[in-house]
Each structure stands twice: as C-alpha cells, then as structure tokens.
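K.L.:
Protein chains in written order, with the working numbering: chain A, 24 to 255; chain B, 7 to 237. From the three backbone atoms N, C-alpha and C, an ideal C-beta is built for every residue, glycine too. All of these numbers come straight from a predicted model, not from anything done at the bench. Right, I'll just put the structure down here and ask away after.
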Amino acid sequence: MTFDIYLIFDSIPKMLAGIGMTLHLLFLSSFLGLILGIIILLMRISGRWYLSFPTFAYIYFFRGTPILVQIFVIYHGLPQFEAIRDSVFWPILREPFGCAILALTLNSGAYVSEILRGGYLGVDKGLHEAGKALGLSTPHRFIYVTTPIAVRLAIPAYSNDFISMLKATSLASTITLLEMTGVARTIVAQTFAPYEIFIAAAIIYLVMTWFLQRGFGLFEKRMSRYIKLSEA
Amino acid sequence: MSDLIAWSDDYFWGAMVVLKIFAVSLVMAVAFGLIGATAKLSKSSIANKIASAYTIVFRGVPELLVILIFYYGSAITLTSIGRVFYPQTQFIDIAPFWAGAFAIALIVGSYATETFRGAFLGVDPGIVEAARALGLSNLHTFFYVRVPQMWRLALPSFGNHMLSLMKDTALISIIGLEEIVYVAEMATAVTLKPFTMYMIVALIYLSITTVITLVMMALEKHSNRHLEGAL
Numbered sequence: 024m025t026f027d028i029y030l031i032f033d034s035i036p037k038m039l040a041g042i043g044m045t046l047h048l049l050f051l052s053s054f055l056g057l058i059l060g061i062i063i064l065l066m067r068i069s070g071r072w073y074l075s076f077p078t079f080a081y082i083y084f085f086r087g088t089p090i091l092v093q094i095f096v097i098y099h100g101l102p103q104f105e106a107i108r109d110s111v112f113w114p115i116l117r118e119p120f121g122c123a124i125l126a127l128t129l130n131s132g133a134y135v136s137e138i139l140r141g142g143y144l145g146v147d148k149g150l151h152e153a154g155k156a157l158g159l160s161t162p163h164r165f166i167y168v169t170t171p172i173a174v175r176l177a178i179p180a181y182s183n184d185f186i187s188m189l190k191a192t193s194l195a196s197t198i199t200l201l202e203m204t205g206v207a208r209t210i211v212a213q214t215f216a217p218y219e220i221f222i223a224a225a226i227i228y229l230v231m232t233w234f235l236q237r238g239f240g241l242f243e244k245r246m247s248r249y250i251k252l253s254e255a
Numbered sequence: 007m008s009d010l011i012a013w014s015d016d017y018f019w020g021a022m023v024v025l026k027i028f029a030v031s032l033v034m035a036v037a038f039g040l041i042g043a044t045a046k047l048s049k050s051s052i053a054n055k056i057a058s059a060y061t062i063v064f065r066g067v068p069e070l071l072v073i074l075i076f077y078y079g080s081a082i083t084l085t086s087i088g089r090v091f092y093p094q095t096q097f098i099d100i101a102p103f104w105a106g107a108f109a110i111a112l113i114v115g116s117y118a119t120e121t122f123r124g125a126f127l128g129v130d131p132g133i134v135e136a137a138r139a140l141g142l143s144n145l146h147t148f149f150y151v152r153v154p155q156m157w158r159l160a161l162p163s164f165g166n167h168m169l170s171l172m173k174d175t176a177l178i179s180i181i182g183l184e185e186i187v188y189v190a191e192m193a194t195a196v197t198l199k200p201f202t203m204y205m206i207v208a209l210i211y212l213s214i215t216t217v218i219t220l221v222m223m224a225l226e227k228h229s230n231r232h233l234e235g236a237l
C-alpha cells in the first residue's frame with residue numbers, strides 16, 4: 024500500500040465539482056426546512072388540538088427514524104403508488120434531487136421546530152407582560168418582542184442542526200446524486216485509493232463545518248448586542 | 007399482507023443485527039467518551055490536543071464518510087499487510103459489522119466526550135475531596151465516586167446520543183451489513199412494493215427509539231431518586 028499524496032491534490036478539484044451540489048442541497052433544504060419548522064411551531068403553540076396533534080405525530084416520526092430510511096421511503100417507496108406517478112408532483116419526485124430535497128426538508132423541519140420551540144419557551148414571561156402593558160397587540164408582541172429574543176436563544180442549537188444537515192447531505196449519494204461524497208465514491212471506484220480520496224473529502228467537510236461555525240458565531244454575537252448594551 | 011408475513015422472518019433477524027450492533031457500539035462509545043473526557047480534563051497538553059482533534063474530526067465529518075473510510079481503508083490496509091506475509095493474498099476485509107460498529111462508536115464517542123467533560127465539571131469538588139480524605143485511590147475515586155456522580159448529569163444528553171447511535175446503524179447497510187434496510191432492499195426486488203418494505207423499516211426503528219426514550223426517562227428518574235424527598 025502506498026499513500027499517494029499527489030492523488031489528493033489531483034482529486035480535490037474534481038471533488039470541488041461536487042461542492043456545488045452539496046451546498047445546493049444544504050441551503051435549499053435548510054431554507055425550506057426553516058419555513059416548515061416555523062409553520063409547525065405555530066401550529067404546535069396555537070393551543071388547538073386539531074392543529075397541534077398532527078405536529079406531534081410528524082415530529083415523533085421524523086425524529087425517531089434514520090434519515091437514510093426517510094430518503095429511501097421517499098425515493099424508492101413513493102413510486103409504488105399510481106396516484107403519485109399521475110400527480111403534478113411526479114416531475115419532482117421522479118428525480119433523485121427532488122427526493123433528497125423533500126426528505127432533508129421534512130427532516131430538518133421536525134428538528135428546527137423543536138429548536139425554535141425551545142427558544143420560544145426560553146423568552147421571559149415578564150417581557151410578554153411588559154408588551155401587553157404597553158398596549159401591543161398579540162401579533163405585534165409576537166413579531167417585535169418574542170421573535171427577536173427567541174431567535175437569539177435558538178441560534179446555538181440551530182447552528183448544530185445546520186451542521187448536521189451538512190453531514191446529512193452526504194446521504195444523497197446513496198440515491199445516485201453526485202454531491203461531494205458521491206463524487207468521492209465514484210473516484211474511489213475508479214482508483215481504489217480510499218484513504219487518499221475519502222480523507223480529502225473529509226478535509227473539505229471539516230473546512231466547511233469550520234466556516235459554518237464561524238458564521239453562526241458572528242451571527243450570535245450580533246443578535247446578542249442588546250445584552251452588551253444593557254451591561255454597559 | 008402475505009408479502010409481509012413471508013418476509014417477517016428476515017425482518018426479525020435484521021432487527022436482531024441492529025440491536026447487536028447497537029449494544030456493541032454503545033459499550034465502545036461509552037469507553038471512548040470516558041477516555042476522551044478524561045484526556046480533555048487532564049493536565050497533559052498533548053492529551054488535551056489529541057482529544058480536541060478527535061472531537062473536531064469526528065463531529066465535523068459525515069457519518070457515512072467515516073464508515074466508508076473505515077471499511078475500505080481497513081480492507082486495503084489488511085490486504086497489503088497480508089501480502090507481506092503471503093504474496094498470493096487476493097483480498098482481506100473486516101466484516102462490515104465490526105468496521106461499522108467501530109466507526110459509529112467513534113462518532114458517538116466524540117459527542118459523548120463533550121457531554122461527559124461537562125458532567126465531570128459539574129461534580130462537586132467537595133465530594134472528590136471527601137473520597138480522597140477517606141483514602142480512596144485515584145482509580146477507585148474515578149469509578150466509585152466521579153463516574154456515578156457525573157452519570158446523573160450526563161444522562162439527558164446521553165439519551166440523545168443513544169438515539170443518534172441507533173439511527174446511525176442504518177448507514178452500515180451501505181457497506182453490506184445484512185440489517186433491516188438491506189432486508190427491505192432484498193424484499194423490494196422480489197415483491198416490487200418498496201413503500202411497504204421501507205415503511206416497515208421506519209416503523210421498526212421508530213419502535214426501538216421509543217423504547218430507548220422510555221428507558222432513558224425511567225433511568226433519569228431512578229438516578230435522581232435521592233432528590234425526591236428534598237423536593
């Protein structure tokens with residue numbers, strides 16, 4: 024066995040071709056997942072059982088099963104039904120990309136809504152009361168008082184979830200998508216040099232994780248500026 | 007329905023493989039977590055750096071990639087070692103079971119390292135001093151005083167690590183372990199009912215994770231029983 028360092032340099036440009044797909048999967052499904060998570064959160068805290076009960080079932084299912092299985096149920100499983108093959112969604116669900124986005128979105132929606140709920144529950148009750156005393160309406164209190172503080176409280180957990188999403192995009196390689204892990208697996212199949220290629224891919228993932236962590240750190244600092252002001 | 011009955015045997019044995027790999031890697035993950043946390047809290051700067059590198063790498067690289075590195079990497083290493091002794095060696099690999107169990111144990115162990123480190127810091131130093139004063143050795147203090155005290159604080163996060171460990175076992179089917187995802191693949195090829203077959207897999211995982219959650223709730227209650235009277 025020889026460890027061919029040049030193979031790493033040769034393969035990094037090829038793998039960078041897969042980064043586009045990885046980032047596309049990451050940002051699109053995180054964005055859709057965030058919107059879904061907010062909707063689920065609003066349904067859950069609405070206080071109406073017919074809205075909150077489905078969210079329990081949804082969160083329970085998507086947090087209790089592996090993402091790989093969710094991806095397989097959607098990609099391999101859904102075409103079993105005639106109704107889906109005839110529906111307007113078929114052009115999306117026919118493609119592995121659409122299936123990966125759908126699975127990752129549904130998964131992240133479940134986790135994000137729980138994270139946001141944690142932030143929402145962490146907001147001091149006194150602030151609601153202060154808002155009420157100032158005569159703010161319920162929607163105004165929610166948008167101007169609760170949301171900014173809940174967002175600030177939810178950032179650390181959300182950044183962890185975002186990084187889990189980055190790692191979850193690698194599972195898209197199992198349904199033939201050529202994102203970074205997929206490209207790496209293709210190169211390994213051609214060269215049979217697993218150490219060089221997979222370690223090169225791992226390094227790229229680590230760099231991406233580092234950038235994401237830094238970015239969220241800066242965002243958290245910015246959202247916490249009110250704490251500094253009150254301390255000064 | 008008759009398809010499900012025909013395949014129920016395979017699903018059962020597949021689920022047994024899942025539970026077996028869960029048990030094996032859980033033990034390893036706890037060991038890696040304890041070693042990692044001890045290294046992070048030790049005074050040696052080399053141990054600190056190694057433990058930090060460990061947690062950064064295994065928390066930042068996708069689980070699937072770690073499993074692939076371990077499986078294909080170990081195969082190529084063992085084959086080349088085998089060729090040194092027996093030049094006619096074709097190919098040696100370790101079973102997907104062990105490569106996979108080791109890989110997911112290292113990943114979850116890196117998360118457990120952080121959890122245990124925080125929990126060790128939460129143990130009242132007075133209790134450790136009391137153990138010293140009673141003449142307990144370092145090893146005894148560690149296993150009879152610090153670990154049981156730390157365990158109570160670490161349980162809630164550790165429950166989540168157990169759930170991710172359980173869900174990570176699904177990934178080992180990618181390197182050919184014959185567990186339930188693999189069974190579903192086989193069953194789909196024969197019955198052409200992919201949704202039914204993969205949904206069964208999802209429901210099996212869901213019931214196992216539910217049991218883990220319930221056990222963790224009971225354990226948390228049990229480990230806090232000395233506080234019940236006080237509250």
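Between A:V92 and chain B, is the shortest Cβ-Cβ distance under 8 Å, so that the two count as touching?
P.N.:
Locating residue 92 of chain A in the first sequence gives position 69, counting from the first residue. Yes, its Cβ sits closer than 8 Å to a Cβ of chain B.
K.L.:
Give me the chain A residues within the contact set of B:E120, using Cβ-Cβ distance strictly less than 8 Å, ordered along the chain.
P.N.:
Mapped onto the second sequence, residue 120 of chain B falls at position 114. The premise fails here: B:E120 is roughly 11 Å from chain A at the closest Cβ pair, so nothing lies under 8 Å.
K.L.:
Could you run through the segment 204-215 of chain A and flag, in chain order, every residue whose CB is less than 9 Å away from some CB of chain B?
P.N.:
Within the segment 204-215 of chain A, the qualifying residues are T204, A207, R208, V211 and F215.
K.L.:
Would B:M205 count as contacting chain A if we go by Cβ distances under 8 Å?
P.N.:
Counting from one through the second sequence, the residue named residue 205 of chain B turns up at place 199. So yes, B:M205 belongs to the interface.
K.L.:
Cα separation between B:A195 and B:S116?
P.N.:
Taking the second sequence and counting its residues from 1, the one referred to as residue 195 of chain B is at position 189. Taking the second sequence and counting its residues from 1, the one referred to as residue 116 of chain B is at position 110. So the alpha carbons of these two residues sit roughly 37 Å apart.
K.L.:
If distances are taken between C-alpha atoms only, which option among B:S213, B:M205 and B:I178 comes closest to B:A190?
P.N.:
Within the second sequence, residue 190 of chain B is the residue found at index 184, counting from 1. Out of B:S213, B:M205 and B:I178, B:M205 has the C-alpha closest to the C-alpha of B:A190.
K.L.:
Closer than 8 Å between beta carbons: that is the criterion. Which residues of the segment 93-124 of chain A meet it against chain B?
P.N.:
Listed in sequence order: Q93, F95, V96, H99, G100, L101, P102, Q103 and F104.
K.L.:
When we look at the beta-carbon of A:G217 and count the other beta-carbons within 10 Å, is it buried (16 or more) or exposed?
P.N.:
In the first sequence, counting from the first residue as 1, residue 217 of chain A sits at position 194. The amino acid at residue 217 of chain A is misidentified as Gly; the sequence shows Pro. That one is buried.
K.L.:
Is it the case that the segment 41-61 of chain A contacts the segment 172-188 of chain A, given that we only count it when at least three CB pairs across the two stretches are under 8 Å?
P.N.:
Counting Cβ pairs under 8 Å, three or more are found: they touch.
K.L.:
Between the Cα of B:R123 and the Cα atoms of B:A109, B:I41 and B:M168, which residue gives the shortest distance?
P.N.:
Counting from 1 along the second sequence, the entry for residue 123 of chain B is found at position 117. Of the listed residues, the one whose Cα sits closest to B:R123 is B:I41.
K.L.:
Listing by chain order, which chain B residues have their CB less than 7 Å from the CB of A:T232?
P.N.:
What you label residue 232 of chain A is simply residue 209 of the first sequence in a count that begins at 1. Those are G66, listed as they occur along chain B.
K.L.:
Is there a C-beta anywhere in chain A that falls below 8 Å from the one on B:V221?
P.N.:
In the second sequence, counting from the first residue as 1, residue 221 of chain B sits at position 215. Chain A, which has no Cβ nearer than 8 Å to the Cβ of B:V221, makes this no.
K.L.:
What would DSSP say about B:T119, mapped onto helix, strand or coil?
P.N.:
Residue numbering aside, residue 119 of chain B sits at position 113 when the second sequence is read from its first letter. B:T119: helix per DSSP, three-state reduction.
K.L.:
When the distance is taken between beta carbons, is B:F164 closer than 8 Å to B:A111?
P.N.:
Taking the second sequence and counting its residues from 1, the one referred to as residue 111 of chain B is at position 105. Taking the second sequence and counting its residues from 1, the one referred to as residue 164 of chain B is at position 158. Contact: no.
K.L.:
Can you find the residues in the same chain that come closer than 7 Å, C-beta to C-beta, to B:L225, ignoring five residues on each side of it along the sequence?
P.N.:
Sequence index remark: in the second sequence, residue 225 of chain B carries index 219 (1-based). Contacts found: L161.
K.L.:
Which of helix, strand or coil does DSSP assign to B:Q94?
P.N.:
As a working mapping, residue 94 of chain B is identified with position 88 in the second sequence. Coil, per DSSP.
K.L.:
Closer than 9 Å by beta-carbon distance: list the chain A residues that pair up with B:L10, in chain order.
P.N.:
Here residue 10 of chain B refers to the residue found at position 4 when the second sequence is read from its first residue. By Cβ distance, chain A contributes nothing, its closest Cβ being about 14 Å from B:L10, past 9 Å.
K.L.:
To which residues of the same chain is B:G79 closer than 8 Å at the C-beta, ignoring the five residues directly before and after it?
P.N.:
What you label residue 79 of chain B is simply residue 73 of the second sequence in a count that begins at 1. Answer for B:G79: no residue qualifies.
K.L.:
Does the Cβ of A:R208 have 16 or more other Cβ atoms within 10 Å, making it buried, or fewer, making it exposed?
P.N.:
Locating residue 208 of chain A in the first sequence gives position 185, where the first residue counts as 1. A:R208 should be labelled buried.
K.L.:
What's the gap between the Cα of A:R71 and the Cα of A:P77?
P.N.:
Working through the first sequence from its first residue, we reach residue 71 of chain A at position 48. Working through the first sequence from its first residue, we reach residue 77 of chain A at position 54. Answer to the nearest angstrom: the Cα atoms are 11 Å apart.
K.L.:
B:L177 touches chain A at which residues, Cβ-Cβ below 7 Å?
P.N.:
Numbered from its first residue, the second sequence carries residue 177 of chain B at position 171. Residues of chain A passing the Cβ test: L91.
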